[in-house]
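J.: I'd like to ask you about the structure that follows.
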Ligand code: XMP
């Protein structure tokens with residue numbers, strides 16, 4: 394892999410994504426990992442990310458010079474560029490001029506890194522210190538107002554660096570810079586394609602499960618559907634899918650799974666009606682993490698029952714189902730605190746929400762992928778477009794969209810409001826444009842309204858439309874006012890107990906996409 398060493402920037406994940414967009418596999422590792430551990434992963438190239446610190450600050454993350462001497466191609470970005478310059482004997486100084494935001498970089502020599510890029514380009518900068526003198530052996534390629542040395546390279550040692558952030562969209566030729574580094578500087582080729590991911594995963598799944606039986610929790614969403622299709626491709630009839638109706642679904646969801654997915658793939662499916670079970674486990678619970686843990690646990694208990702049914706049905710007395718497939722994605726792992734050094738923001742039901750006494754061994758073929766990559770894999774596997782392009786819907790379902798206790802009555806209210814929002818967004822042709830639009834019921838909040846001639850004292854519904862590339866960050870979608878008006882009118886007229894509709898205008902960060 395190409396390893397992105399995270400020096401504490403919010404950009405490290407983004408760099409990995411951009412490398413994968415160039416069809417080369419990439420992962421993020423923390424800067425606290427030792428040079429020998431990093432090199433033991435046999436990296437094809439290293440990218441040193443930006444970071445918040447100055448290289449002179451106390452406790453500034455250090456760059457072990459061993460990483461630059463290992464013969465592995467290296468690209469330093471922003472802080473990583475300065476740390477590299479310093480380690481190679483160049484000088485980094487406080488220029489007294491902070492550069493932040495969009496600025497112009499001027500190329501003096503293109504070299505390998507800036508080959509084919511116009512002499513003047515808009516780039517995204519964020520730095521106080523700057524490289525004042527390039528290390529011996531390095532050719533200066535570009536400069537900007539605040540950075541006399543804004544890019545350099547040593548083609549012989551395959552060491553490259555840029556002061557700006559090529560991974561952000563505001564850097565005009567950013568992707569070109571990364572590709573120049575990857576393809577030409579490091580001599581890598583574009584092999585991370587959907588076909589290769591499938592071939593690789595099919596082999597890994599076969600090796601993991603052998604001739605054993607496997608079950609897969611199928612929600613009808615993209616992730617679990619693609620995971621199921623992959624496992625089906627690998628082990629065929631050893632797989633049984635289990636669809637759990639936990640009572641926290643949106644309207645029409647169960648029908649869609651049966652109609653679209655099973656018809657297209659022919660997988661064996663068991664449907665379990667577990668609404669009572671989930672609702673009684675959730676009775677009286679208001680804390681978001683507790684809800685998530687309960688839902689994660691109940692899912693597993695239902696899968697255990699289903700596994701026994703699979704065995705009984707097959708007349709395979711005494712056998713047990715050892716494997717459970719889950720559609721866990723890379724961002725789920727990172728956000729549940731599973732990434733190296735990452736904090737637990739919330740326990741995704743299929744990662745941090747799993748019970749300790751889990752009887753199954755997990756099969757998670759999408760664990761290294763971002764959503765857009767999962768979609769490509771799904772298309773390649775022949776998963777129907779109606780599923781591949783479905784907006785994300787969380788496993789804990791409407792349970793984490795009712796702020797307060799989850800009850801059947803509240804679920805009915807939320808389901809009705811959600812159906813209206815989905816209908817109107819589809820009618821407006823916005824399904825692909827927005828990433829997803831959680832609809833949230835503030836069940837413990839009431840406000841006064843007037844309807845007809847009477848006073849009402851009802852609940853607010855929150856609309857949370859967001860745009861995003863991978864759910865790691867998001868912005869609120871600027872929906873047309875007329876559409877918002879239609880949605881608001883319909884909800885307040887058609888859904889009993891709701892007398893107010895409000896719009897969430899918070900990006901992520903600081904908000905998360907879901908409210909719980
Ligand atoms: P947040 O709220 O963390 O959500 O910004 C990021 C993305 O993940 C989805 N999400 C989940 N998906 N199980 C899932 O399968 C979960 O427990 C879960 N929690 C959040 C959320 O809808 C968004 O797309």
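Numbering (this note's numbering), first residue to last: 394 to 909.
Glycine residues also receive a C-beta, built at the ideal position from the N, C-alpha and C atoms.
Keep in mind it's a predicted model, so treat the numbers as computed, not measured.
#1: Quick check: the Cα distance between residue 540 and residue 476, rounded to an integer number of angstroms?
#2: Tell me whether residue 670 sits in a helix, a strand or coil according to DSSP, three-state version.
#3: Could you tell me if residue 493 is buried or exposed, where buried requires 16 or more neighbouring beta carbons within 10 angstroms of its beta carbon?
#4: Report the residue from 405, 788, 878 and 835 whose alpha carbon sits nearest the alpha carbon of residue 561.
#5: Return yes when at least one heavy atom of the ligand XMP lies under 7 Å from the C-beta of residue 858, else no.
#6: For the beta strand (DSSP E) containing residue 398, list its first residue and its last residue.
#7: Tell me whether the segment 878-895 and the segment 803-819 touch, counting them as touching only if at least three CB pairs, one residue from each stretch, are closer than 8 Å.
#8: Rounded to whole angstroms, how far is the Cβ of residue 621 from the Cβ of residue 611, which I believe are closer than 8 Å?
#9: Less than 6 Å between C-beta atoms, sequence neighbours within five positions excluded: which residues of the same chain meet that for residue 639?
#10: By how many angstroms is the C-alpha of residue 776 removed from the C-alpha of residue 656?
#11: Would a C-beta distance cut-off of 8 Å place residue 751 and residue 688 closer than the cut-off?
#12: Measuring alpha carbon to alpha carbon, tell me which residue in 737, 718, 653 and 675 is nearest residue 631.
#13: Within the same chain, show all residues whose beta-carbon is closer than 7 Å to that of residue 637, passing over the 5 residues directly before and after it, in chain order.
#14: Quick check for students: name the residue ranges of the alpha helix (DSSP H) that lie wholly in the segment 595-627, counting only runs of 4 or more.
#15: Any chance you could list the beta strand (DSSP E) runs of at least 3 consecutive residues sitting entirely within the segment 687-718, in chain order?
#16: Check whether the Cβ atoms of residue 487 and residue 448 sit closer than 8 Å, and answer yes or no.
#17: Report the residue from 893, 808 and 434 whose alpha carbon sits nearest the alpha carbon of residue 645.
#18: Take every Cβ of the segment 455-472, pair it with every Cβ of the segment 424-433, and state whether three or more of those distances are shorter than 8 Å.
#19: Using a threshold of 8 Å, state whether the C-beta atoms of residue 833 and residue 855 are closer than that.
#20: Does the ligand XMP have a heavy atom nearer than 7 Å to the CB of residue 739?
#21: Residue 788: beta carbon under 7 Å from a heavy atom of the ligand XMP?
#22: When you measure from the CB of residue 901 to every non-hydrogen atom of the ligand XMP, does any distance come out below 7 Å?
#23: Considering only DSSP beta bridges, list what residue 661 is partnered with.
#24: Less than 7 Å separating the Cβ of residue 907 from some heavy atom of the ligand XMP?
#25: Consider the C-beta atom of residue 844 and the heavy atoms of the ligand XMP; say whether any pair is separated by less than 7 Å.
#26: Kindly indicate which residue of 804, 900 and 773 has the alpha-carbon position closest to the one of residue 586.
#27: Starting from the C-beta of residue 439, find all residues in its chain whose C-beta is less than 7 Å away, skip the five residues before and the five after it, and write them out in chain order.
#28: Going along the chain, which residues of its own chain have a beta-carbon closer than 7 Å to the beta-carbon of residue 616, five neighbours each way excluded?
#29: Got a sec: does the ligand XMP put a non-hydrogen atom nearer than 7 Å to the Cβ of residue 785?
#30: Taking 7 Å as the cut-off, does the CB of residue 701 come closer than this to any heavy atom belonging to the ligand XMP?
T.: This is what the structure gives:
#1: 15 Å
#2: helix
#3: exposed
#4: 405
#5: no
#6: 395-399
#7: yes
#8: 6 Å
#9: 667 and 671
#10: 10 Å
#11: no
#12: 718
#13: 610, 665, 667, 692 and 695
#14: none
#15: 716-718
#16: no
#17: 808
#18: yes
#19: yes
#20: yes
#21: yes
#22: yes
#23: 633
#24: yes
#25: no
#26: 773
#27: 396, 398, 460, 465 and 467
#28: 720, 722, 759 and 767
#29: yes
#30: no
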